[in-house]
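Student:
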DNA sequence: GCCGTTTTCGGCCCGACTGTTTTCAGTCG
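This is the structure in structure tokens:
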């Protein structure tokens, strides 16, 4: 459904690139970019909005852009785009993604040297013709050369689950320095976006030079890109670029706010500040010359008459308006999670015993877990035969005796479950008499990703024992697209059958993602946040899934594993 | 091209850095 949203957003972004190249009014260009971003983040189908004549309700969409959207939906094309697209070679506009090569320079090399594509740009660098242009010195050519290298490598963004532990490690190393009075990750990492580009760490402290000296000589640093008094950039042994910035203590909040972004959120805040006769920048909030806030984020927001806004929702997608109306959501927190309902063990393709998983879960403060190993037809993952599942149910009963809390020692409850494969006809991989012996049944697709997946999942959700659908879209971030599905249909069926959809926290999945969760939530769907852990060391990823939920504005009431288990098991109660 | 509790016209976030200049343009975040 959101396909048209993405297509239209892409066109507007491309139009902005072309208009920028043409040297059009920069505010017009920004208008296109803003519209593109808002449309991309929309949870509603833009086609529906168009049919209902509600396009103009989208912030950033006015008369001109609404007309173009209507045209695209009716005819599949936008005349204005087709016109300007033919004025210049596509391969030329592609070059605008090169860092260090802005629209002005691009226009210069096109006009003066006739450069139209990557290859010609490379040649111009090599034969020195680029360096001969006016305003073009040695350094600038070198910059473009570097940008070109990055562009060709088309540097991939880093998975959050990969970057987060690394950054927390760096931070705990840095905290040992007494000169550092405050420290925090910033940027998209702090907003818990599923992938991050550069990694930003912000520090408040006295002796910038010393702090940076310490930072660039940490053991995990492979290469130093820059090291000044207030800013340093390094490459870690894992190949991640990390920027450290040092600021004065009384500007830490303003700088943290600024470097956390998002850019769109910051722009809106600055507009607000301006309307109030204030000025907001990375040093503080100013009334004339006087600084009225900046030491911490709370007072920065307060100076603008706003409550503090959690970083995860700072995307200018309604959070500022909600804050103004004192209507911010009570976002679910990591501590709200009472159990993990999707764990694997060495009974199928996990690497540890049920008891080991339970022990680790207990150290995290969980009150319950569910063991959901694979079902019989998932051979490659060691799916359990019917007999083996029966034996596992007995083993879990035995462990529950052993691990149940006594007196002052709280225990942990292990639920017997299964991640049951949804077969090609939508039936389940175990017979009902066996499923009925389980505390919890999760349905999942593992084969036939292009084969009637929507119908299969919907049929599985109609089964009264299927309480959860695991990783509902099947995507792997930056490596697999996911099943071919009609997501909206699935969400509606989930809402109707009261089947919870999983937010799978495994770092490569994060499935459902933030936008899909937001959409699902609007349709009244319930969620469960699981790790799908195959090893105790995967359990920490719960915080990634909680991040997804927070980015989707979810509160704890819509997430079933924030609820305590009923006194008497066996059956996990989701009323279907 | 969008938008409006000062406006339907005249604004549109803000600062740092870099490189090439000699007071500033271009680019980035």
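Residue numbers (my numbering): 388 to 963. Virtual Cβ for every residue (Gly too), placed ideally from N, Cα, C.
#1: Determine which residues share a DSSP beta bridge with residue 800 and list them.
#2: Expressed to the nearest angstrom, what Euclidean distance is found between the alpha-carbon atoms of residue 510 and residue 471?
#3: With distances taken from CA atoms, which of 810, 872, 757 is nearest residue 827?
#4: DSSP three-state label for residue 624, please.
#5: Who pairs with residue 808 in a beta bridge, going by DSSP?
#6: Rounded to the nearest angstrom, what separates residue 618 and residue 484 at their Cα positions?
#7: Taking C-beta to C-beta, are residue 902 and residue 466 nearer than 8 Å?
#8: Excluding sequence positions up to five away, which residues of its chain have a Cβ less than 7 Å from the Cβ of residue 446?
#9: Comparing alpha-carbon positions, which option in 777, 629, 689 lies nearest residue 825?
#10: Please tell me whether residue 915 and residue 947 are closer than 8 Å, where the distance is taken between their beta carbons.
#11: How many Å lie between residue 673 and residue 629 at the Cα?
#12: So, at 8 Å on beta carbons, what are the nonlocal neighbours of residue 567 in its own chain, with the 5 sequence-adjacent residues on each side left out?
#13: Since residue 560 is in the alpha helix (DSSP H), which residue starts that stretch and which ends it?
#14: Can you check DSSP and say which residues form a bridge with residue 674?
#15: Check each candidate in 594, 680, 572 and name the one with the smallest Cα separation from residue 646.
#16: Examine the Cβ distances between the region 673-683 and the region 720-728 and report whether three or more of them are shorter than 8 Å.
#17: Have a look at residue 957 and residue 791 and give me their C-alpha separation to the nearest angstrom.
#18: Which one or two residues does DSSP pair with residue 914 in a beta bridge?
#19: Taking 8 Å as the cut-off, decide whether the C-beta atoms of residue 801 and residue 729 are in contact.
#20: How would you write the range of the alpha helix (DSSP H) that residue 789 sits in, first residue to last?
#21: Using a threshold of 8 Å, state whether the C-beta atoms of residue 576 and residue 550 are closer than that.
#22: Assess, as a yes-or-no matter, whether the region 515-535 is touched by the region 865-874 under the definition of 3 or more beta carbon pairs within less than 8 Å.
#23: Can you tell me which of 679, 563, 505, 819 puts its alpha carbon nearest to the alpha carbon of residue 690?
#24: For residue 571, list the residues DSSP reports as bridge partners.
#25: State the DSSP-derived secondary structure class of residue 604, mapped to helix, strand or coil.
#26: With DSSP as the reference, identify every bridge partner of residue 856, one or two as the case may be.
#27: Taking the DSSP output, what are the residues bridged to residue 726?
#28: Drop a sphere of 10 angstroms on the beta-carbon of residue 926, count the other beta-carbons inside from all chains shown, and report buried for 16 or more, exposed for fewer.
#29: Going by the beta-carbon positions, is the gap between residue 508 and residue 482 smaller than 8 Å?
#30: Residue 821 lies in the alpha helix (DSSP H); which residues open and close that run?
#31: When the distance is taken between beta carbons, is residue 640 closer than 8 Å to residue 686?
#32: Whole angstroms is fine: what's the gap from residue 533's alpha carbon to residue 735's?
#33: Does the ligand MG have a heavy atom nearer than 7 Å to the CB of residue 739?
#34: Rounded to whole angstroms, how far is the Cβ of residue 656 from the Cβ of residue 707, which I believe are closer than 8 Å?
#35: Classify residue 444 as buried or exposed, calling it buried when 16 or more other Cβ atoms lie within 10 Å of its own Cβ.
#36: Would residue 391 and residue 460 be called neighbours here (beta carbons separated by less than 8 Å)?
Tutor: Result, derived from the coordinates:
#1: Answer is 755.
#2: When rounded, the distance between both Cα atoms is 27 Å.
#3: Of the candidates 810, 872, 757, the one whose C-alpha sits nearest the C-alpha of residue 827 is 757.
#4: For residue 624, the secondary structure class from DSSP, reduced to helix, strand or coil, is coil.
#5: According to DSSP, residue 808 bridges with 831.
#6: Computed Cα separation, rounded: 25 Å.
#7: Going by C-beta atoms, residue 902 is not nearer than 8 Å to residue 466.
#8: So the list reads 425, once near-sequence residues are dropped.
#9: Out of 777, 629, 689, 777 has the C-alpha closest to the C-alpha of residue 825.
#10: Cβ distance < 8 Å, so residue 915 and residue 947 count as in contact.
#11: Between the C-alpha atoms of residue 673 and residue 629 there is a straight-line separation of about 30 Å.
#12: Around residue 567: 561, 590, 591, 592, 598.
#13: That run of the alpha helix (DSSP H) goes 547-561.
#14: Residue 674 pairs with 677.
#15: The option with the nearest alpha carbon to residue 646 is 572.
#16: Short answer: they don't touch.
#17: At residue 957, the pLDDT of 43 sits below 50, so the modelled position is not reliable and the matter cannot be decided from this model.
#18: The partner list for residue 914 (beta bridge, DSSP) reads 888, 946.
#19: In this structure, residue 729 does not lie closer than 8 Å to residue 801 by Cβ.
#20: That run of the alpha helix (DSSP H) goes 773-790.
#21: Yes, the Cβ-Cβ distance between residue 576 and residue 550 is below 8 Å.
#22: The region 865-874 is not in contact with the region 515-535.
#23: When each option's Cα is compared against that of residue 690, the closest is 679.
#24: Its beta-bridge partners are 589.
#25: Correct three-state label for residue 604: coil.
#26: 830, 888.
#27: Beta-bridge annotation (DSSP): residue 726 is paired with 755.
#28: The residue is buried, with at least 16 neighbouring Cβ atoms inside 10 Å.
#29: Cβ atoms of residue 508 and residue 482: closer than 8 Å.
#30: First-last of the alpha helix (DSSP H) with residue 821: 819-822.
#31: Result yes, Cβ atoms of residue 686 and residue 640 sit closer than 8 Å.
#32: The alpha-carbon atoms of residue 533 and residue 735 are separated by roughly 48 Å.
#33: The ligand MG is absent from the structure shown, which contains no ligand whatsoever.
#34: The beta carbons of residue 656 and residue 707 sit about 7 Å from each other, so the pair counts as a contact at 8 Å.
#35: Residue environment analysis places residue 444 among the exposed positions, since fewer than 16 neighbouring C-beta atoms fall within 10 angstroms of its C-beta.
#36: Yes, the pair counts as a contact, with Cβ atoms nearer than the cut-off.
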